[in-house]
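In this note's numbering, each number is its position in the sequence shown, counted from 1, plus 81.
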Amino acid sequence: MLIKQASDLRESEVTPRELYLRRREFIGAAGVTAAVLATGVLAPGSADAQNPAAQKLTNLKKSPFNTDEKMNSYRDVTTYNNFYEFGLDKGDPARHAHSLKPRPWTIKVEGECAKPGTYNIDDIIKWFPLEERIYRMRCVEAWSMVIPWNGFPLADFVKRMEPTSKAKYVEMRTLVDLRQMPGQTEPALQWPYREGLRMDEALHPLAMFAVGLYGEVLPNQNGAPIRLVVPWKYGFKGIKSIVSVKFVEKEPLNTWQQTRADEYGFYANVNPDLDHPRWTQKSERRIGEFFRRKTLPFNGYGDQVASLYAGMDLKRQY
Ligand SMILES: Nc1nc2c(c(=O)[nH]1)N[C@H]1C(S)=C(S)[C@@H](COP(=O)(O)O)O[C@H]1N2
Ligand SMILES: [Mo]
82 MLIKQASDLR ESEVTPRELY LRRREFIGAA GVTAAVLATG VLAPGSADAQ
132 NPAAQKLTNL KKSPFNTDEK MNSYRDVTTY NNFYEFGLDK GDPARHAHSL
182 KPRPWTIKVE GECAKPGTYN IDDIIKWFPL EERIYRMRCV EAWSMVIPWN
232 GFPLADFVKR MEPTSKAKYV EMRTLVDLRQ MPGQTEPALQ WPYREGLRMD
282 EALHPLAMFA VGLYGEVLPN QNGAPIRLVV PWKYGFKGIK SIVSVKFVEK
332 EPLNTWQQTR ADEYGFYANV NPDLDHPRWT QKSERRIGEF FRRKTLPFNG
382 YGDQVASLYA GMDLKRQY
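See below:
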């Protein structure tokens, strides 16, 4: 097999690559590196430039939820990714996701709701005013970033579909297309990638659908044209390139739980008190920083979300 099984990945493989990336960025300050020219992500000579070819998003509403922590650079956000449909390396999505075609694109809405149907992404985007949300993001692999997302509350989308009283969960799925997503020729995960939220989580004002970042249309490697962002949960909940939303009565299986149920659960709330079986979750490395920092419960969003889990044993329901 060309690529490793997802379950073979260890955290120890994360750190050297990260340092390598930082070193490249450091070298890049004196000139533009070959890697950057090859991906076309950065404008020459600038550490934070965006993609000059990308469509800009305008009239972004300010959000009350923004963190004032330093944002990661556009380059960090768009070249250090997890998107296994394009390979398992952090650099693979930026290298390979050009084969994804984010237009035309539709989302099929089905299940327990009054407004099932197939909706065009450009119509969906027009339904809601777009916001900028600067969120801390924490990956289960113990690294983190601060990312300025552009999008709208997931709650607005959910309410518009008028879920019935039987709708207890929302299940979402990523596109399956071996030509657009060459990593799907490998059984790294079971495709389609799936995720789910309990209805009250989906209705929480922090949960959002992102269609852009840094004021530009979402790059393919970050989940174009639309992806989920749930900042109090580990990054894998943030399913990318969504083609289906289903309202269901029973807790849906998500991809990582399906792959390794002993290591990944449905809730995936950031929990420093519950170590991953193979590494600690007590601390994390913010991409771009050298020293590790303490991981906060619910990724620092506990004041807003802890009440959703009152009475639950989050060491068992992880
Ligand atoms: N379809 C799909 N969505 C996905 C993944 C994936 O492999 N496939 N990886 C997840 C993981 S593990 C993380 S950490 C985030 C990373 O999002 P980013 O690359 O935009 O930072 O995407 C999540 N969404
Ligand atoms: Mo992740």
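Idealized CB from N, CA, C, for every residue including glycine.
Alpha-carbon spacing of residue i relative to residue j, whole angstroms
i           : j           : result
residue 245 : residue 170 : 41 angstroms
residue 282 : residue 259 : 32 angstroms
residue 286 : residue 314 : 14 angstroms
residue 182 : residue 346 : 31 angstroms
residue 174 : residue 242 : 32 angstroms
residue 311 : residue 184 : 24 angstroms
residue 373 : residue 308 : 28 angstroms
residue 254 : residue 150 : 31 angstroms
residue 215 : residue 226 : 10 angstroms
residue 271 : residue 338 : 11 angstroms
residue 400 : residue 329 : Because the chain spans 82 through 399 in this model, residue 400 falls outside it and cannot be assessed.
residue 456 : residue 167 : What is shown of the chain runs 82 to 399, which leaves residue 456 out entirely.
residue 334 : residue 377 : 26 angstroms
residue 136 : residue 306 : 12 angstroms
residue 362 : residue 350 : 11 angstroms
residue 365 : residue 159 : 20 angstroms
residue 326 : residue 190 : 5 angstroms
residue 393 : residue 265 : 36 angstroms
residue 249 : residue 205 : 23 angstroms
residue 197 : residue 188 : 10 angstroms
residue 199 : residue 375 : 43 angstroms
residue 157 : residue 368 : 7 angstroms
residue 163 : residue 193 : 31 angstroms
residue 238 : residue 153 : 28 angstroms
Opening and closing residue of the alpha helix (DSSP H) in which residue i lies
i           : result
residue 351 : Taken as a continuous stretch (DSSP letters only), residue 351 belongs to no alpha helix (DSSP H), as it is neither H nor E.
residue 175 : 173 to 177
residue 366 : Note, residue 366: premise wrong, no alpha helix (DSSP H); beta strand (DSSP E) at 364 to 367.
Cutoff 7 angstroms; reference residue i; Cβ partners in own chain excluding five residues on either side
i           : result
residue 387 : 379
residue 358 : 343 and 344
residue 131 : 155, 295 and 297
residue 138 : 211, 231, 293, 296, 297 and 298
residue 261 : 180, 181 and 182
Residue span of the beta strand (DSSP E) that contains residue i, given as start and end
i           : result
residue 228 : 224 to 234
residue 383 : Careful: residue 383 lies outside any beta strand (DSSP E), inside the alpha helix (DSSP H) at 383 to 386.
residue 323 : 323 to 329
residue 200 : 198 to 201
Beta-carbon contacts of residue i that lie in its chain and below 6 angstroms, excluding the five residues immediately before and after
i           : result
residue 256 : 322 and 324
residue 273 : 254, 255 and 257
residue 304 : 321 and 322
Local Cβ density within 10 Å of residue i, reported as buried at 16 or more and exposed below that
i           : result
residue 222 : buried
residue 133 : exposed
residue 93  : Bear in mind that a pLDDT of 41 at residue 93, under 50, signals an unreliable position, so the model cannot answer this.
residue 247 : exposed
residue 317 : buried
residue 140 : exposed
residue 371 : exposed
residue 219 : buried
residue 201 : exposed
8 angstroms Cβ shell around residue i - same chain, five flanking residues per side excluded
i           : result
residue 104 : Caution is warranted here: a pLDDT of 41 is assigned to residue 104, below 50, making its placement in the model unreliable, and no coordinate value can be reported.
*Would you check if there are 3 or more beta carbon pairs closer than 8 angstroms linking the region 231 to 239 to the region 208 to 222?*
Enough Cβ pairs lie closer than 8 angstroms, so yes.
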